[in-house]
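Per the working numbering, the sequence shown starts with residue 91, numbered consecutively. Yeah, the Cβ is synthetic: ideal placement off N, Cα and C, and Gly gets one too.
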Amino acid sequence: MTRTAGRGGARRLVVIGADAAGMSAASQALRVAAARGERLEVIAFESGEHTSYSQCGVPYWVAGDVDSADALVARTAEQHRANGIDLRLRTEVTELDLDRREVAVRVLDSGRTERVGFDDVLLATGAAEVWPDWARGLPGVHPVKTLDDGATWRSLLAGRDGEPPRRAIVVGGGFIGVEAAEAFARRGVQTLLVTRGEEPMSSSLDPAMGALVREGLERLGVEVVCGTEVEGVESRAGELTTACIGGHEHRADVVALAVGVRPRVELATAAGLRVGDHSGLVPDHTQRVADGVWSAGDCCEVWDRVLEQYWYTPLGTHANKAGRVAGTNIGGGSARFAGSVGTAITRAGEAEVARTGVLADWARRHGWDVEQVTVRSTTASGYMPEADPITVSVLGERGTGRLLGAQIVGGRGAGKRIDVAAMALWSGLGAHDVAAADLAYAPPFSPVWDPVQIACRKLADALSR
91 MTRTAGRGGA RRLVVIGADA AGMSAASQAL RVAAARGERL EVIAFESGEH
141 TSYSQCGVPY WVAGDVDSAD ALVARTAEQH RANGIDLRLR TEVTELDLDR
191 REVAVRVLDS GRTERVGFDD VLLATGAAEV WPDWARGLPG VHPVKTLDDG
241 ATWRSLLAGR DGEPPRRAIV VGGGFIGVEA AEAFARRGVQ TLLVTRGEEP
291 MSSSLDPAMG ALVREGLERL GVEVVCGTEV EGVESRAGEL TTACIGGHEH
341 RADVVALAVG VRPRVELATA AGLRVGDHSG LVPDHTQRVA DGVWSAGDCC
391 EVWDRVLEQY WYTPLGTHAN KAGRVAGTNI GGGSARFAGS VGTAITRAGE
441 AEVARTGVLA DWARRHGWDV EQVTVRSTTA SGYMPEADPI TVSVLGERGT
491 GRLLGAQIVG GRGAGKRIDV AAMALWSGLG AHDVAAADLA YAPPFSPVWD
541 PVQIACRKLA DALSR
């Protein structure tokens, strides 16, 4: 066992986790420190083999939309090293000692261990997928999260001896579950999606909007079973045979796990750092969690600007932004992470699905008196060939008129309209402000009244009664 120390008096930053948040922070810290004429040494440890890649792109690689894993890599390990980061892959941090200001690390390939000192440390340990008890050790049962997961699924879907699987079960009806089901169906695999919710995406959408997601999946050929869960999976001779779902047996060749993730905070809690109500680290607006200790990414909770409390919202957008904020402050600059309004988007076959803000049930539990309005329109002027159906649901607070949330499900051009509502939430605007806003119009792109504005106009009227 050896111990290293900083070189030539440079301040040392140790980064634990080398994906979106970790490498955004590392790169930004070096840039800011260099601009200030300060010397900063950065060592980044990553237990896996990949760095700076798009986890969000993995289902689309599985589907065949992306040609190779390389296309999902934003910056290679060699590029990070060329930019001055001492990046060490396949190296696990096994202990964080805040009193001695050092980490214990183990090189996975050789088993060699060492202790590395630091002045600052950034925790970017991400999130771990949740595995049901019945799923462990079974062949053909795998999550859809990392680049390695994507490679596993590409291999599984290629099949044994050129014979691809015919039946897939997706466990979980959230964003990743919906994307995985779409990927399998588009690869020609008979797909069954199982969710505990009343409808798919029940933690993100109201049931009526989730029903539209289910219809989008069903048009793609996906069978959707709601309100139940997988009780167990049987295998024989190293291959899956059946899954028991709600007391009924369904044949299965492969099973995708998409039942959620949890923040990876074991290293932090063992070092005495506290977690919040949703089990993630809770940094301040600079991404600091303790003196000289910083954190960013999916191991953290995020300040929700609508709920005005910390919430667990693991998204790549937050990881990159929070990492950049942490790096700016570590490098000696000044930046703050302003939080989230819970904006997200995906696709279920031809249906674009998006949401922002809170659901009506959340708002009522929060003690708000709310009104909700749902409208159906078209994505372009109705006489245009581009016109597809769109459903918009908006939520507002009585008394203040404040917009609290929005959900959109529709055809081409529907989803990104959520950004109008997201910016309204970000700015604390009311439904009447959105209804009156100057938005772009031409027949190929929108009716003369955009569907989001129609919904907000009706909501403003309802809130004023």
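Query raised in the report: For the region 477 to 553, which segments carrying the beta strand (DSSP E) assignment without a break, of at least 3 residues, lie completely within its bounds, in sequence order?
Result: 479 to 487, 493 to 500
Query raised in the report: Hey, V261 and L347: beta-carbon distance below 8 Å or not?
Result: yes
Query - Runs of beta strand (DSSP E) lying entirely within the region 283 to 318, each at least 3 residues, in chain order - result: 313 to 316
Report task. Output the boundary residues of the alpha helix (DSSP H) element that contains S385. Result -> Element bounds for S385: not the alpha helix (DSSP H) but the beta strand (DSSP E), 383 to 385.
Report task. Inspect the CB distances between the region 445 to 453 and the region 471 to 480 and report whether three or more fall short of 8 Å. Result -> no
Query raised in the report: In chain order, what residues of the same chain lie with their CB nearer than 8 Å to the CB of E556, ignoring the 5 residues before and after it?
Result: The structure shown has nothing for residue 556, since the chain only spans 91 to 555.
Query raised in the report: Who are H232's beta bridge partners in DSSP?
Result: A346
Query raised in the report: How about the region 296 to 304 and the region 271 to 279: do they share at least three Cβ pairs that are nearer than 8 Å?
Result: no
Query raised in the report: Would you say the region 229 to 248 touches the region 336 to 355, given that touching needs at least three Cβ pairs under 8 Å?
Result: yes
Report task. Would you mind giving the Cβ-Cβ distance between G154 and R277, rounded to the nearest angstrom? I have them listed as a contact below 8 Å. Result -> 7 Å
**Report entry** Of the residues V396, L103, G138, the one placed nearest V132, counting alpha carbons only
**Finding:** L103
Query raised in the report: D222: which of A333, A360, V320, L330 sits nearest, CA to CA?
Result: Rather than Asp, the amino acid found at residue 222 in this sequence is Pro. That would be V320, whose Cα lies nearest to the Cα of P222.
Report task. Helix, strand or coil for I106, going by three-state DSSP, please let me know. Result -> strand
Query raised in the report: So, do the region 372 to 390 and the region 510 to 518 have three or more beta carbon pairs nearer to each other than 8 Å?
Result: no
Query raised in the report: Mind checking whether M291 and G317 have CB atoms under 8 Å apart?
Result: no
**Report entry** Nearest residue (CA-CA) to A527, options W539, D381, W516, E324
**Finding:** W539
Query raised in the report: If you check the beta carbons only, do W243 and R395 fall under 8 Å apart?
Result: no
Requested in this report: Take the Cβ of D296 as the centre, count every other Cβ of all protein chains shown within 10 Å, and call the residue buried at 16 or more, exposed below.
Outcome: buried
Query raised in the report: How about D210 and W384: do their beta carbons lie closer than 8 Å?
Result: yes
Query raised in the report: The alpha helix (DSSP H) spanning F265 covers which residue range?
Result: 265 to 276
Query - Exposure of T184, with buried meaning 16 or more beta-carbon neighbours within 10 Å - result: exposed
Query raised in the report: If we count the other Cβ atoms within 10 Å of its Cβ and call it buried at 16 or more, is D199 buried or exposed?
Result: exposed
Query raised in the report: By Cβ distance, which residues of its chain are closer than 7 Å to G370, with the 5 residues on each side in sequence left out?
Result: P353, V355, C389, C390, E391, Y402
Query raised in the report: Whole-angstrom Cβ separation of A409 and A386, contact assumed at under 8 Å?
Result: 6 Å
**Report entry** Within the region 136 to 204, ranges of the beta strand (DSSP E) (whole runs, at least 3 residues)
**Finding:** 175 to 179, 181 to 187, 192 to 197
Requested in this report: Have a look at M299, A123, A194 and flag the residue whose alpha-carbon is nearest the alpha-carbon of G174.
Outcome: A123
Query raised in the report: Can you tell me the Cα-Cα spacing of R455 and E204, whole angstroms?
Result: 50 Å
**Report entry** Start and end residues, beta strand (DSSP E) containing W393
**Finding:** 392 to 394
Query raised in the report: Within 10 angstroms of its Cβ, does R555 collect 16 or more other Cβ (buried), or is it exposed?
Result: exposed
Query raised in the report: What span of residues does the beta strand (DSSP E) with S245 cover, start to end?
Result: Where S245 is concerned, there is no enclosing beta strand (DSSP E), although the alpha helix (DSSP H) it sits in stretches over 237 to 248.
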